[in-house]
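**Student:** First the structure, which I've put down as C-alpha cells, then a few questions once you've had a look.
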Amino acid sequence: MKKIDFSFLSISIVVLACVLSSCSDNHSRMAAEAERLERAAISDSTAVIDIAECRMKHFPLSRLIEEVEYVPLETSDSSVLYSVAQFKLTDSLIYVCDVMKQLKKFDRKGRYVGNAYTRGEGPEEVVQLYDFDVDEDFLYLLDGARSVVLRFTHQGEFVDRRSLPFRAICMKHLSDGRYLFRLAPFSLADEKEVSALLMLTDADFNPRGEFFAQNRDVEGTTLREPYFESSSDSRYFAPLYRRSIYRLEGDSLVMDYYLNFGTPYYETNRRYKGAEEAKERGIYYTFPNPIHTERYLLQAFITSRAQQGLLVIDRQTKRAVFAEGLENDRDDMLGFNIWSGMQTYDAATGRLAGIAESYYESSFSDEAELERIKSILPDSVVSVLLKKGNEELNPVLMFYRLREDIVK
0 MKKIDFSFLS
10 ISIVVLACVL
20 SSCSDNHSRM
30 AAEAERLERA
40 AISDSTAVID
50 IAECRMKHFP
60 LSRLIEEVEY
70 VPLETSDSSV
80 LYSVAQFKLT
90 DSLIYVCDVM
100 KQLKKFDRKG
110 RYVGNAYTRG
120 EGPEEVVQLY
130 DFDVDEDFLY
140 LLDGARSVVL
150 RFTHQGEFVD
160 RRSLPFRAIC
170 MKHLSDGRYL
180 FRLAPFSLAD
190 EKEVSALLML
200 TDADFNPRGE
210 FFAQNRDVEG
220 TTLREPYFES
230 SSDSRYFAPL
240 YRRSIYRLEG
250 DSLVMDYYLN
260 FGTPYYETNR
270 RYKGAEEAKE
280 RGIYYTFPNP
290 IHTERYLLQA
300 FITSRAQQGL
310 LVIDRQTKRA
320 VFAEGLENDR
330 DDMLGFNIWS
340 GMQTYDAATG
350 RLAGIAESYY
360 ESSFSDEAEL
370 ERIKSILPDS
380 VVSVLLKKGN
390 EELNPVLMFY
400 RLREDIVK
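Numbering of the sequence shown is given in our numbering, commencing with residue 0 and proceeding in unit increments.
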C-alpha cells in the first residue's frame, strides 16, 4: 500500500489556524478601537442610557401604537412597483421609490398620480437616480451619474439643475435651505479618497462641515457611514453597527445619546457565526437611522441585519425603554416590522408612516389559521391586508400615532 504523506496537510492546518487566529485578533482590535473612539466622543451634553435599566423582554404593540390607518397604493400597469426602498410625504402627495429607482407619485388616498421624473440625458432628465427629497414646494433629485441636483415643482414643472463640486450618493434637504450629503468614496476632481463620510453645505453647495472622518492610519476606526433619517427635517444620525446617536446642531454634529449595553463591541458582520455569538451574548448594534417625532426618538437595533430590538427615547425627559421583542396584541394589525414599519414621520398629521404587513391568502398552508385571523381582524382590515389571488399588488402603507405614555 502506498504510504500517504500527511506533512503538507498538517502544515496547511497549522497555517489555517494561524490565519483564523490572526483574523479573530484583528477583529477584536477593530472592535476595541471603535469602542474607544465612541467613548472618547462622549461630552457633558451626551445622555448615557443604561439599557439594563430600561430593558423589557416583552413589549405589546398596544403600548406603542394608539391608532392606525391603512392606505393601499393603487396598482395598475403604469403604477406597479417593485420592492419599495423608501417613501416621503408632502401635505398632498406620497413619493415612493422602489429598488429599481422608479419614483412614482400617489395622492394621500393612494391613487396614482404619475411618474416623478424621466430617464435620459437631457437637461431636465435623470441619467441615474441616487436619492431624492421633498419639501412642501419642491422635489429634489440627486443624479449621481452626473453629480447634479435637479429641482421640480410637485406639478412636475422643471425649475433648475445645479452641479455638485463633489460626488454624493445620498442627499437630505433641510428646512433652512442647507443640504446634507453622504459622500461617495472618491472625490469628483482627482479620484482621491474623501476625508469624511458626511458633508453639510449651504444652499449653494458650499461646504459648512464634514463629519465621520475616515482615519486610514489606524485600521478599523471608520465609524461606518450613517443612514439619513426620513423625517420631514432630519437631524439625527446613527453610525452603522455602533451604539451612539448624533444630532445636527448648527454646523456641528454632536453625540446626543450613548447607549450602554454592558457588553463588548463585536464585529458581527465580519466574522463567521458572528450573528449567533452576538445574539447569545446580547450584543446589539444600530442599523437603520433613528426616526423622531415631536416627542420621541426611535432607534431599531439588529444582530447581523435581523431586527432584535426597539429603543424609544423621550426627548424631553431623556428616559427610555428598550423592547427586545414586539408582541402583536392588536386586533387591527397582522404584524409589525421594526425596519419597514418606521419609514418616515408625517409632519402634517403628527403620525409615523411605514409599510404594513400584508399577506396573500394563498400563502397560508393552514386553513384554520387563516380563518382564525379573519375572525379576529375587522372586515375593513381584512379586505386591505389579506390579498386574494396571486396578482402582484402594490404595498399597503400605514399611518399610526404613538401613545403618549410609552416611556413610563
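Quick reminder that beta carbons are idealized off the backbone N, C-alpha and C, glycines included.
For clarity, every value in this text was computed on a predicted model and none was experimentally measured.
Extract the residue ranges of the beta strand (DSSP E) inside the segment 281-341, only unbroken runs of 3 or more that lie entirely within it.
**Tutor:** Entirely contained in the segment 281-341, the beta strand (DSSP E) runs reaching 3 residues are, in chain order, 295-302, 305-313, 319-322.
**Student:** What's the C-alpha gap between K171 and L247?
**Tutor:** By one-based count along the sequence shown, residue 171 stands at place 172. By one-based count along the sequence shown, residue 247 stands at place 248. Their backbone Cα atoms lie some 12 Å apart in a straight line.
**Student:** Do the CB positions of Y116 and F151 come within less than 9 Å of each other?
**Tutor:** Here the question's residue 116 lines up with position 117 in the sequence shown. Here the question's residue 151 lines up with position 152 in the sequence shown. Contact flag set, yes.
**Student:** Taking Cβ positions, are G249 and E293 nearer each other than 9 Å?
**Tutor:** Here residue 249 is taken as the residue at index 250 of the sequence shown, counted from 1. Here residue 293 is taken as the residue at index 294 of the sequence shown, counted from 1. Taking 9 Å as the Cβ cut-off, G249 and E293 do not qualify as a contacting pair.
**Student:** Buried or exposed, going by whether 16 or more other CB atoms sit within 10 Å of the CB of G121?
**Tutor:** Taking the sequence shown and counting its residues from 1, the one referred to as residue 121 is at position 122. Answer is exposed; the Cβ neighbour count stays below 16.
**Student:** Among the candidates I405, V380, G388, whose CA atom is the shortest distance from the CA of L396?
**Tutor:** As a first step, residue 396 must be located in the sequence shown, where it is residue number 397. Ranking the options by Cα distance to L396, first place goes to V380.
**Student:** Distance, Cα to Cα, L239 vs A367?
**Tutor:** Within the sequence shown, numbered from 1, the residue matching residue 239 stands at position 240. Within the sequence shown, numbered from 1, the residue matching residue 367 stands at position 368. Cα to Cα, the separation comes out at about 42 Å.
**Student:** Ignoring anything shorter than 3 residues or poking outside the segment 56-142, list the beta strand (DSSP E) runs there in chain order.
**Tutor:** For the segment 56-142, whole beta strand (DSSP E) runs of length 3 or above, ordered along the chain, are 64-71, 83-88, 92-97, 102-106, 111-114, 128-133, 137-142.
**Student:** Which one of T316, V148, S78 has the shortest CA to CA distance from E403?
**Tutor:** The residue you call residue 403 lines up with position 404 of the sequence shown. The shortest Cα separation from E403 among T316, V148, S78 belongs to T316.
**Student:** Helix, strand or coil, according to DSSP, for K171 in the structure here?
**Tutor:** Along the sequence shown, read from residue 1 onward, the residue named residue 171 stands at position 172. In this structure, K171 counts as strand in the three-state DSSP scheme.
**Student:** Please name the residue in S42, E34, V47 whose C-alpha comes closest to that of A319.
**Tutor:** Translated into the one-based positions of the sequence shown, residue 319 becomes position 320. Measuring from the Cα of A319, the nearest candidate turns out to be V47.
**Student:** Tell me whether K408 sits in a helix, a strand or coil according to DSSP, three-state version.
**Tutor:** With the chain represented from 0 up to 407, any question about residue 408 goes unanswered, as that position is not in the structure.
**Student:** Would you mind stating whether A51 and G261 have Cβ atoms separated by less than 9 Å?
**Tutor:** In the sequence shown, the residue the question calls residue 51 occupies position 52. In the sequence shown, the residue the question calls residue 261 occupies position 262. Against a cut-off of 9 Å, the Cβ pair of G261 and A51 comes out as a contact.
**Student:** With DSSP collapsed to three states, give me the class of L222.
**Tutor:** Within the sequence shown, the letter at position 223 stands for residue 222. For L222, the predicted structure reports a pLDDT of 47, less than 50, and the residue's modelled location is therefore unreliable. The matter cannot be settled from this model.
**Student:** By DSSP, does L163 sit in helix, in strand, or in coil?
**Tutor:** To locate residue 163, count along the sequence shown from 1; it is residue 164. Reduced to three states, the DSSP call for L163 is coil.
**Student:** Give me the Cα-Cα distance between V70 and A33, rounded to the nearest whole angstrom.
**Tutor:** Indexing the sequence shown from 1 puts residue 70 at position 71. Indexing the sequence shown from 1 puts residue 33 at position 34. The alpha-carbon atoms of V70 and A33 are separated by roughly 42 Å.
**Student:** By the three-class DSSP mapping on this structure, what secondary structure does A39 have?
**Tutor:** By one-based count along the sequence shown, residue 39 stands at place 40. Looking at A39 - three-state DSSP - the assignment turns out to be helix.
**Student:** Counting only C-beta atoms, is M254 closer than 9 Å to chain C at any point?
**Tutor:** Checking the listed chains, one finds no chain C in this structure; it contains a single protein chain.
**Student:** Taking the alpha-carbon positions, what's the G208 to Q85 distance?
**Tutor:** Residue numbering aside, residue 208 sits at position 209 when the sequence shown is read from its first letter. Residue numbering aside, residue 85 sits at position 86 when the sequence shown is read from its first letter. Cα-Cα distance, rounded: 26 Å.
**Student:** Do M198 and D157 have their beta-carbon atoms positioned less than 9 Å apart in this structure?
**Tutor:** Along the sequence shown, read from residue 1 onward, the residue named residue 157 stands at position 158. Along the sequence shown, read from residue 1 onward, the residue named residue 198 stands at position 199. The sequence shown places Phe at residue 157, rather than the Asp named in the question. Contact flag unset, no.
**Student:** How long is the line joining the alpha carbons of Q127 and R118, rounded to whole angstroms?
**Tutor:** Position 128 of the sequence shown holds residue 127. Position 119 of the sequence shown holds residue 118. Near 7 Å, if we compare the C-alpha coordinates of R118 and Q127.
**Student:** Report yes if the C-beta distance between E73 and R107 is below 9 Å; otherwise report no.
**Tutor:** Locating residue 73 in the sequence shown gives position 74, counting from the first residue. Locating residue 107 in the sequence shown gives position 108, counting from the first residue. For E73 and R107, no; Cβs fall outside 9 Å.
**Student:** What does DSSP give as the partner residue(s) for G349 in the beta ladder?
**Tutor:** Working through the sequence shown from its first residue, we reach residue 349 at position 350. According to DSSP, which records beta bridges pairwise, G349 is partnered with nothing at all.
**Student:** Can you tell which of E326, S82, L385 has its C-alpha closest to the C-alpha of S362?
**Tutor:** Start at 1 with the first residue of the sequence shown, and residue 362 comes out as number 363. Here the closest residue by C-alpha is L385.
**Student:** For L296 and C53, I'd like the C-alpha separation in whole angstroms.
**Tutor:** Taking the first residue of the sequence shown as position 1, residue 296 is located at position 297. Taking the first residue of the sequence shown as position 1, residue 53 is located at position 54. Computed Cα separation, rounded: 15 Å.
**Student:** Would you grab the beta carbon distance between N288 and Y359 for me? Rounded to a whole angstrom, and I think it's under 8 Å.
**Tutor:** Start at 1 with the first residue of the sequence shown, and residue 288 comes out as number 289. Start at 1 with the first residue of the sequence shown, and residue 359 comes out as number 360. The Cβ separation is near 31 Å, so there is no contact.
**Student:** Looking only at its own chain, which residues have a Cβ that is under 8 Å from the Cβ of M55, when we skip the five neighbours before and after it?
**Tutor:** Locating residue 55 in the sequence shown gives position 56, counting from the first residue. Closer than 8 Å at Cβ, skipping near neighbours: V320, F321, A322, E323.
**Student:** Taking its Cβ as the centre, do 16 or more other Cβ atoms sit within 10 Å of S243, making it buried, or is it exposed?
**Tutor:** In the sequence shown, residue 243 corresponds to position 244, counting from 1. With 16 or more other Cβ atoms within 10 Å, it is buried.
**Student:** Between the alpha carbons of A299 and I405, how many angstroms are there, rounded?
**Tutor:** Looking up residue 299 in the sequence shown gives position 300. Looking up residue 405 in the sequence shown gives position 406. Cα-Cα distance, rounded: 16 Å.
**Student:** Return yes when the Cβ of E356 is within less than 9 Å of the Cβ of F58, no when it is not.
**Tutor:** Within the sequence shown, the letter at position 59 stands for residue 58. Within the sequence shown, the letter at position 357 stands for residue 356. Cβ distance not < 9 Å, so F58 and E356 don't count as in contact.
**Student:** Of all the options Y264, I290, N393, which has the alpha carbon lying nearest to the alpha carbon of Y409?
**Tutor:** Because the chain here runs from 0 to 407, residue 409 falls outside it and cannot be looked at.
**Student:** Can you pull the DSSP bridge partners for Y399?
**Tutor:** Working through the sequence shown from its first residue, we reach residue 399 at position 400. Bridge partners of Y399: V67, L351.
**Student:** Exposed or buried, G388, counting other C-beta atoms within 10 Å across all chains shown (16 or more means buried)?
**Tutor:** As a first step, residue 388 must be located in the sequence shown, where it is residue number 389. Exposed, since its Cβ has fewer than 16 Cβ neighbours within 10 Å.
**Student:** Let me know if A30 comes out buried or exposed under the rule of 16 or more other beta-carbons within 10 Å of its beta-carbon.
**Tutor:** Locating residue 30 in the sequence shown gives position 31, where the first residue counts as 1. Flag for A30 reads buried.
**Student:** Which residue marks the beginning of the alpha helix (DSSP H) containing A51, and which one marks its end?
**Tutor:** One-based indexing of the sequence shown puts residue 51 at position 52. 50-53 is the span of the alpha helix (DSSP H), which, as asked, contains A51.
**Student:** Quick one: Cα of A81 to Cα of S339, how far?
**Tutor:** Here residue 81 corresponds to residue number 82 of the sequence shown, with the count starting at 1. Here residue 339 corresponds to residue number 340 of the sequence shown, with the count starting at 1. Looking at the sequence provided, one finds Tyr at residue 81 rather than Ala. Taking the straight line from one Cα to the other gives about 15 Å.
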